[in-house]
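In full-length UniProt numbering, the protein residues as written are 1 to 386.
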């Protein structure tokens, strides 16, 4: 299995796909290191599929199904080149293990696995889930901050920003300077906590100037006996989809919240929901409904019929799309100034920001390749192929 990238690798613009990582090549290297810490031991040898990819301003995290965490770029506080495994990719498990062990030296970390990740512009978040409900599960933060996005004081070496018992799962969601986490408990309840920039009231109501920045995770919502919740976050808004009650809560950016209130549809009819930095998109029966900023082509496909999507993902300000009709072709539209939407063939004098107003082919499979998934980052497009 391989992954190709389109966009900004190593701060250099690209307009063609380059291979950034081969999971097949690294499997033996990781096995040879013989340090299966913070991983799912039962799934270690077979769980080399990708669970998630997250991109910050100048760094990328890749989490595998077995709990192996890889990173590239500016990995502040967790980079250790002693665990370099392939080109610019670093195995991060051991460094995280060391930092946690220094803080909680009485905890048997064999009970823990890295289960979810997210990235703000200049920092990263990692969830350690305990296999034993009587032990704490943790959320850790690493990096730098300017608007409280670390969820802790910059100078502290206690990287834990949240811990609790009896946790079933934690899902992290971040965008630029704001983060939320969905905490599902074994009881069947769910909580949503948030921290970082609250400049438009996306996390909580602004009653004073100090409310525009939340420095530590704060409880925002609690759902009793309801874990059918999915959060989507933009730079100044939050969308909470409640599939059990078929309702959507949109907070923050008034333009987005008001626009959505004017449209009536059921979540049961929606195939995909995703967010760019400044817009939210619902794919309903082959038609994309987007709300928010459309100055750079983000909303150019609104109300246009498209073949049913197999994959549909948002990057920072671009959309990535694979249809069921053409499962071997990846297309993109929106802001493609860094090559993340593929080769621009128009007039660069007229369209200086390289905005793509129609789906542009950026990758076609060769031979027996199969597109497994797609991911969008900060002016980057990742395509997972086998």
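Note that beta-carbon positions come from the ideal geometry of N, C-alpha and C, so glycine has one too. Predicted model, so just to flag it, every value in this text is computed and none were measured.
Check whether residue i and residue j have beta carbons under 8 angstroms apart
i	j	result
residue 298	residue 279	yes
residue 212	residue 198	yes
residue 57	residue 122	yes
residue 175	residue 88	no
residue 308	residue 336	no
residue 148	residue 246	no
residue 231	residue 180	yes
residue 116	residue 127	yes
residue 74	residue 59	yes
residue 38	residue 104	no
residue 78	residue 92	yes
residue 164	residue 137	yes
residue 385	residue 371	yes
residue 224	residue 242	no
residue 63	residue 129	no
residue 346	residue 296	no
First and last residue of the uninterrupted alpha helix (DSSP H) at residue i
i	result
residue 343	It is not in any alpha helix (DSSP H) - residue 343 carries neither H nor E in the DSSP assignment.
residue 31	23-33
residue 257	254-261
First and last residue of the uninterrupted beta strand (DSSP E) at residue i
i	result
residue 97	Taken as a continuous stretch (DSSP letters only), residue 97 belongs to no beta strand (DSSP E), being part of the alpha helix (DSSP H) at 93-103.
residue 69	69-73
residue 242	237-242
residue 179	178-185
residue 314	309-314
residue 152	Residue 152 -> no beta strand (DSSP E), and no H or E assigned at all.
residue 377	371-377
residue 190	190-197
residue 334	329-335
residue 140	137-143
residue 381	380-385
residue 208	Here residue 208 belongs to no beta strand (DSSP E), and DSSP marks it neither H nor E.
Spatial neighbours of residue i in its chain, beta-carbon cut-off 7 angstroms, leaving aside the 5 residues before and after
i	result
residue 259	291
residue 277	175, 176, 234, 235, 316, 317
residue 26	85, 86
residue 159	99, 140, 141, 142
residue 55	119, 377, 378, 380
Residue burial classification, residue i (beta-carbon count within 10 angstroms, cutoff 16)
i	result
residue 274	buried
residue 152	buried
residue 331	buried
residue 257	buried
residue 379	buried
residue 150	buried
residue 327	exposed
residue 250	buried
residue 133	exposed
residue 266	exposed
residue 12	With a pLDDT of 47 at residue 12, under the threshold of 50, the modelled position of this residue cannot be trusted; read the value that follows with caution. By the neighbour-count rule (16 or more Cβ atoms within 10 Å), residue 12 is not buried but exposed.
residue 376	buried
residue 157	exposed
residue 303	exposed
residue 154	exposed
residue 173	buried
residue 16	exposed
Own chain residues within Cβ distance below 6 angstroms of residue i, not counting five before or after
i	result
residue 10	Interpretation of residue 10 is limited by its pLDDT of 48, a score under 50 that renders its predicted location unreliable; the figure taken from the coordinates is listed afterwards. Answer for residue 10: no residue qualifies.
residue 289	282
residue 344	354
residue 383	4, 330, 363, 374
residue 162	139, 217
residue 43	66
residue 312	272, 283, 321
residue 202	236, 237, 238, 251, 252
residue 69	63, 92, 93, 114
residue 221	192
residue 184	168, 169, 190, 227
Per DSSP, the bridge partner or partners of residue i
i	result
residue 276	Beta-bridge pairing links residue 276 to no other residue.
residue 281	274, 290
residue 112	130
residue 54	61
residue 232	239
residue 76	Note: residue 76 sits in no beta bridge, so no partner.
residue 368	DSSP, once it has assigned bridges, lists no residue as partnering residue 368.
residue 169	184
residue 175	178
residue 213	197
residue 250	239
residue 86	89
residue 125	118, 141
Neighbourhood of residue i by C-beta, 8 angstroms cutoff - its chain only, sequence neighbours within 5 removed
i	result
residue 19	2, 3, 4, 5
residue 29	85, 86
residue 269	284, 285
residue 389	Nothing in the structure corresponds to residue 389, since the chain is present only between 1 and 386.
Minimum Cβ-Cβ distance from residue i to chain B less than 8 angstroms
i	result
residue 273	The structure shown has no chain B; it contains just one protein chain.
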